[in-house]
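Data block below; observations after.
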Ligand code: MF3
Ligand code: CO
Ligand code: CO
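Numbering (this note's numbering), first residue to last: 5 to 276.
Right, here's the structure in full:
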């Protein structure tokens, strides 16, 4: 008999987990979220994303957890750092951040076998008005999606809530990347689309665990992956933002595993 990750699987192949899993996910989510809290002071003009990643790797080690990304499909870093028009999977490197750059830092750790996956937006120096608006809409879009989550709602309801909010603000939702189930594995069914029709898709059940991680562009939604085979950018070079939480479906709604212990999920910068 094949070992199940959760208590059982739905007919869509989605694991249903019990209370022990929720405790494990909380522990993992809190380690990842605390590391993101501690990165705020390390983001500034002149800083390199390689140095940010080095600090993250050190913090993961110090916490006694394991990086889920180092060695994942050949990826070699403890974080993805996606600057300006990079949509996701930005590879840390030696390029210096410039005043006004916006960046997503995405960290996934493994604690006692459970995966905690979260990302949020940072700014180097002074935030422009248009970047501020993009980041605010992306953050609020994530929460429009999260607030739909309860048993009986559908994954299409989540996508629809996000898409209608983003497009109502004349921005676009990236279609080429999605959220995912997770738990004792990094990426599991279902694909959590950030667009869709109300009522479509699998029905949410208590015990499901997944991420919601909308990527929002100021311009068009199309992306392309660079020759490094990881870095995804907007085709039209427009700015892109993303926020990610790992969540579980509870009897009445949702639990966010990756809440910031310091209350600094958003904004990570001082609001002007
Ligand atoms: N953390 C990313 C996600 O949200 C996945 C990164 S995989 C990596 O699913 F290999 F690029 F790090
Ligand atoms: Co994720
Ligand atoms: Co992530």
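Built from N, CA and C at the ideal position, the CB exists for glycine as well.
(request) Decide if residue 124 is buried, meaning its Cβ has at least 16 other Cβ atoms within 10 Å, or exposed. (result) Position 120 of the chain shown, counting from 1, holds the residue named residue 124. Classification for residue 124: buried.
(request) Please confirm if the stretch 86-100 is in contact with the stretch 240-249, defined as three or more CB-CB distances below 8 Å between the two stretches. (result) yes
(message) On the DSSP letters alone, give me the boundaries of the alpha helix (DSSP H) that residue 194 sits inside.
(response) Translated into the one-based positions of the chain shown, residue 194 becomes position 190. Note, residue 194: premise wrong, no alpha helix (DSSP H); beta strand (DSSP E) at 192-196.
(message) Considering only heavy atoms of ligand 1, does any lie closer than 7 Å to the CB of residue 232?
(response) Locating residue 232 in the chain shown gives position 228, where the first residue counts as 1. Outside the cutoff, so no.
(request) Can you tell me which of 98, 86, 25, 184 puts its alpha carbon nearest to the alpha carbon of residue 196? (result) Here residue 196 refers to the residue found at position 192 when the chain shown is read from its first residue. Closest option to residue 196, Cα to Cα, is 184.
(request) Spell out a yes or no on whether the stretch 104-113 and the stretch 31-46 are touching, meaning 3 or more CB-CB pairs, one atom from each, closer than 8 Å. (result) yes
(message) Rounded to whole angstroms, what is the Cα-Cα separation between residue 131 and residue 22?
(response) Here the question's residue 131 lines up with position 127 in the chain shown. Here the question's residue 22 lines up with position 18 in the chain shown. Taking the straight line joining both Cα atoms gives about 42 Å.
(message) Is it buried or exposed, residue 101, if we count other Cβ atoms within 10 angstroms and call 16 or more buried?
(response) On the chain shown, residue 101 is found 97 positions in, with the first residue counted as 1. Classification of residue 101: buried, given that the 10 Å Cβ count is 16 or more.
(request) Report the residue from 216, 140, 120 whose alpha carbon sits nearest the alpha carbon of residue 159. (result) Taking the chain shown and counting its residues from 1, one reaches residue 159 at position 155. For residue 159, the nearest C-alpha among the options comes from 216.
(request) Please classify residue 27: does DSSP put it in a helix, a strand, or coil? (result) For this step, residue 27 is matched to residue 23 along the chain shown. Residue 27 falls in the helix class under three-state DSSP.
(message) Quick check on the burial criterion: 16 or more other C-beta atoms within 10 angstroms. Buried or exposed for residue 5?
(response) Walking along the chain shown from the start, residue 5 turns up at place 1. Low confidence applies here, because residue 5 scores a pLDDT of 49, under 50, leaving its location unreliable; read the following figure in that light. By the 10 Å Cβ count, residue 5 comes out exposed.
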